[in-house]
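In the working numbering, the protein residues as written are 8 to 591.
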């Protein structure tokens, strides 16, 4: 059967895919540009800033939550590099921050004067603690790793520690994981069973935890090398990000939208060309990789599979790819199957791919599934896909600096770390042929070094990988060593990505107190409070003091002599300044 007779030219498939991705990106970017600019990006840095003493305007509002929810879902359907873990952390912190006030207002409107205990939840300290619980719940929901969520809150989001807060964090993280498991089981399976699923949501590397390899001294030398490379690559990333800083404050909405759409065009074209070049290969099926993605496929998979099957069957013989690329030998359940021989049977390739594989490249569905395809595949290195994807994602991560849609960078750097980890591991196996060398083990070491060097949260990264890969007995010490070496070296060379993002925003970092607001403010706090002013993207004139009271509740703009807005200042600081002015 010819593809022209069944579904039309492959050009139509390309146009359909890129059209769908462009529409999704237009929605993801448009809602942020029009609805709430605070919803763009992952915003983990903003959450850390708030939890350590700096209040950011419009960061925890229902409008921001709604916009971020829509933008995240739309972005996950575009196939561009991005993830939902950062947005989920922001959503968890925002929900934990604003729910007490809305619940108190609702109860008070129904029965005025009742349930006075709810007013305690509206204090600054209680709302902050609930936001910390939301951060842990967000990481537990995004990665299926509650211990990693607990570690992140302790490493980055708490400037002081209490046992009562730790108890709340632990309960919230594991309760969120339990609810997510059973809710997904109820929605996606026909037979509901109450369970606590040990399979993670994102990181499922499929390592064999039953075989514990012997550890050799040369192995730890390689682990140290991975940590050093991760630190150096994080320095390169931070340097390139800083060099692009001068452009970030000159963007208009039109430019941001065009940049996002251009990014979609670039990524979709790369994926489609990769499919054409490697059409003779079968890829790991994302259904067989224990993926638990909540992103809908929108019924594209079966349609695209059938088109690519006919395309490969009709045109595979006309293209002389066999003399340029080696035969695709894919290991499935310990056996090797020659896909080239299967193709010669005359049946469309969809039925000829080995078990647990498919001809559909997973990036066509979502970036998350493509990430699993690269990390879990044992033999993708036979077709030059590893260096191709490595250079593509390193370039793509700098393609857009605006990030005008809701997306994080955790999975991006995880994929880059897995790619260079596998590539270096392949060279080690070719030169040394050690018994302890394992492809997915090198991928985990690369992920640990890359993320720890960039985020400088090694405990969180190590726990996330150990929870997600079931490899504590196998590779726990190696992952721990690589992560902490990358963290120590990068700490001497640059600040973390979160510190850099806060400096870019002009937000002070790690003030050792919570933001002072209404019910907990004292005269002594006001006198001793340090002035906190941060940048804002909107520049509007203010001429009357009444404008400050009507527009800003709790936070007020700072203007120059011409009435141009310079930044925001908290209510307690402006009271302090006014009192000092009056006393003079």
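Note that beta-carbon positions come from the ideal geometry of N, C-alpha and C, so glycine has one too.
Endpoints, the alpha helix (DSSP H) within which residue i is located
i           : result
residue 192 : 170-195
residue 419 : 417-439
residue 463 : Residue 463 -> no alpha helix (DSSP H), and no H or E assigned at all.
residue 400 : 392-403
residue 155 : 153-163
Residue from the options whose Cα sits closest to the Cα of residue i
i           : options            : result
residue 47  : 90, 162, 411, 270  : 411
residue 492 : 437, 230, 102, 451 : 230
residue 114 : 104, 128, 103, 101 : 128
residue 88  : 65, 105, 463, 404  : 404
residue 136 : 279, 174, 80, 240  : 174
residue 66  : 53, 170, 58        : 53
residue 154 : 20, 169, 182       : 182
residue 488 : 226, 417, 432, 267 : 226
residue 451 : 418, 184, 505, 472 : 472
residue 243 : 447, 19, 401, 44   : 401
residue 417 : 93, 265, 38, 172   : 93
residue 191 : 179, 79, 151       : 151
residue 156 : 280, 179, 169, 505 : 179
residue 149 : 187, 163, 425, 429 : 187
residue 144 : 169, 100, 172, 28  : 100
residue 49  : 26, 433, 27, 82    : 82
residue 426 : 448, 415, 261      : 448
residue 262 : 228, 159, 40, 80   : 40
residue 490 : 453, 132, 70       : 453
residue 98  : 26, 470, 118, 69   : 69
residue 71  : 55, 61, 42, 96     : 42
residue 503 : 464, 469, 485      : 464
residue 432 : 55, 424, 446       : 446
residue 414 : 26, 51, 27         : 51
residue 281 : 399, 170, 240, 484 : 399
Per-residue DSSP class, three states only, for residue i
i           : result
residue 259 : coil
residue 87  : coil
residue 115 : helix
residue 140 : helix
residue 27  : helix
residue 227 : helix
residue 339 : For residue 339, the predicted model reports a pLDDT of 30, less than 50, meaning its position is unreliable and no value from the coordinates is stated.
residue 272 : helix
residue 412 : coil
residue 447 : helix
residue 241 : helix
residue 75  : helix
residue 550 : Reliability of the predicted coordinates at residue 550 is poor, the pLDDT of 46 falling under 50, and the value obtained from them is presented with this limitation in mind. Coil, per DSSP.
residue 131 : helix
residue 246 : helix
residue 202 : coil
residue 18  : helix
residue 503 : coil
residue 354 : With a pLDDT of 33 at residue 354, under the threshold of 50, the modelled position of this residue cannot be trusted; read the value that follows with caution. If DSSP states are grouped into helix, strand and coil, residue 354 belongs with coil.
residue 555 : Because the pLDDT of residue 555 is 47, which lies under 50, any placement of that residue in the model is unreliable, and the number read from its coordinates should be weighed accordingly. Helix, per DSSP.
Heavy atom of the ligand COA within 6 Å of residue i beta-carbon
i           : result
residue 445 : For the structure depicted, the ligand COA is absent and the ligand set is empty, with no information on it obtainable.
Below 8 Å, can you find three or more Cβ-Cβ pairs linking the stretch 28-38 to the stretch 138-156?
-> Output reads no: the stretch 138-156 does not touch the stretch 28-38.
With a cut-off of 8 Å, do at least 3 Cβ pairs link the stretch 94-109 to the stretch 424-443?
-> Judged by Cβ distances under 8 Å, the stretch 94-109 makes no contact with the stretch 424-443, as fewer than three pairs qualify.
Three-pair Cβ contact test at 8 Å for the stretch 73-81 versus the stretch 394-404 | No: fewer than three Cβ pairs fall under 8 Å.
Where are the alpha helix (DSSP H) runs, 4 residues long or more, that stay fully inside the stretch 41-72, in chain order?
-> Within the stretch 41-72, complete alpha helix (DSSP H) segments of at least 4 residues are found at 51-58, given in chain order.
Decide yes or no for the touch test of the stretch 80-87 against the stretch 270-285: beta carbon pairs closer than 8 Å, at least 3 of them.
-> Using a Cβ-Cβ distance cut-off of 8 Å, the stretch 80-87 and the stretch 270-285 are in contact, since at least three pairs of beta carbons, one from each stretch, lie closer than that value.
Counting Cβ pairs closer than 8 Å, one from the stretch 184-204 and one from the stretch 458-471, do we hit at least three?
-> Between the stretch 184-204 and the stretch 458-471 there are fewer than three inter-stretch CB-CB distances shorter than 8 Å, so the stretches are not counted as touching.
The stretch 17-27 in contact with the stretch 231-239 per 3-pair CB rule at 8 Å | Taking 8 Å as the limit for Cβ pairs, the verdict is that the stretch 231-239 does not touch the stretch 17-27.
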